[in-house]
Amino acid sequence: MTATSVAQPLAPDQTVRKIARLEARLEEARQALEECHPDDHFWIAEYTAILDDLEGRIAQYRRLI
């Protein structure tokens with residue numbers, strides 16, 4: 038039988054720091070999206086997906102506190 042690891046929940050202060058890091062990445066992605074040329078559909082789609090992912094992750098962490 039193999040051992041499985043169980044993720045330990047973050048302490049509230051760790052959760053707040055994690056949210057702050059994700060929000061900083063979210064802002065960087067927003068700025069990158071704003072700098073995209075309107076015809077650069079690939080990067081617009083990529084940054085939009087990144088924004089959606091980060092916003093979802095931030096919402097999940099906010100529910101923890």
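At position 48 of the sequence shown the residue is numbered 85 (the working numbering), and the sequence of numbers has no breaks.
The beta carbon of each residue, even a glycine, is placed where N, CA and C say it ideally should be.
Alpha carbons only, please: which of the options is nearest the one belonging to residue i?
i: L70; options: P49, K55, I81 and L101; result: I81
i: E84; options: A61, A66 and L47; result: Here residue 84 is Tyr; the residue named in the question, Glu, does not match the sequence. Selected option, being the one with the closest Cα: A66.
i: I87; options: R62, A57, V53 and P46; result: R62
Start and end of the alpha helix (DSSP H) containing residue i?
i: L70; result: P49 to E72
i: I102; result: Careful: I102 lies outside any alpha helix (DSSP H) and carries neither H nor E.
Near residue i, what residues of its chain come up, given a Cβ to Cβ distance below 8 Å and the 5 sequence neighbours on each side ignored?
i: L59; result: L91, R94, I95 and Y98
Ignore the nearest five residues each way along the sequence and tell me which others in residue i's own chain have a CB closer than 6 Å to its CB.
i: L101; result: T52
Considering only residues of the same chain and omitting the five flanking positions on each side of residue i, which have a CB-CB separation below 7 Å?
i: I56; result: I95, Y98 and R99
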